[in-house]
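Chemist: So that we are looking at the same thing, I have put the structure below in structure tokens.
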Amino acid sequence: MRRPYLTLDDEIVYHHPVPQWQKVEKYSRFLGFILKRWNNAKQNVGVKDVAEKRIAEEGQTYDDFQYSIQVTELTLQKIVKRIGKTQLIVFNADAYNPQAAEFKAMCEDNNIFYTSSATDALQMMEQNSLTIRAGDGYHWNELGHEAVAKALMGDLKLFLKE
């Protein structure tokens, strides 16, 4: 599936985020089986150069992270311009830094209401040994979604009173 991406030149380009050869399992169960084994083997070996690791270690000196900051900033500016006086409310899906701190700073710079209540609730639940993530360790499970919804409802009620 092609996805749109914004460039710093304010153009939209389309890319396939998943390599086309990975769709092979649609056409061959055998090749799909081999692909799954290959992906499992890659996970078991461990990847030393994943973006999240480099971002944590290098911060803004990592070129791809710097680029993502610039594109996100441009995207937020375009949204704010388009919505006019309508207030935008945003939250992070996780609290990984420096990404979360950068996003919060961008929101403040663009007068966007940023709330950390969702990530605060998730962190508290994890500290209390509750399982709020799916098997991949990143996405929320049903309990995680429920916690985020409750946290955001509290923010929205306060926000709408103002």
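Under my numbering, the first residue of the sequence shown is numbered 2, with each subsequent residue one higher.
Ideal placement from N, C-alpha and C gives every residue a C-beta, glycine not left out.
Predicted, not measured: the structure shown is a model, and the values here were computed from it.
(1) Decide if residue 100 is buried, meaning its Cβ has at least 16 other Cβ atoms within 10 Å, or exposed.
(2) Count the CB pairs spanning the segment 74-81 and the segment 120-137 that are closer than 8 Å, and state whether there are at least three.
(3) For residue 116, name the three-state secondary structure that DSSP assigns.
(4) Decide if residue 145 is buried, meaning its Cβ has at least 16 other Cβ atoms within 10 Å, or exposed.
(5) Compute the Euclidean distance between the alpha carbons of residue 115 and residue 156, then round it to the nearest angstrom.
(6) Going straight from the alpha carbon of residue 59 to that of residue 70, what length do you get?
(7) Between 147, 32, 66, 31, which lies nearest to residue 104 when the distance is taken from Cα to Cα?
(8) Consult DSSP for residue 146 and reduce its assignment to one of helix, strand or coil.
(9) One question on the structure: do residue 126 and residue 74 come within less than 9 Å of each other, judged by their Cβ atoms?
Modeler: On the basis of the coordinates in this document:
(1) buried
(2) no
(3) strand
(4) buried
(5) 10 Å
(6) 14 Å
(7) 66
(8) helix
(9) no
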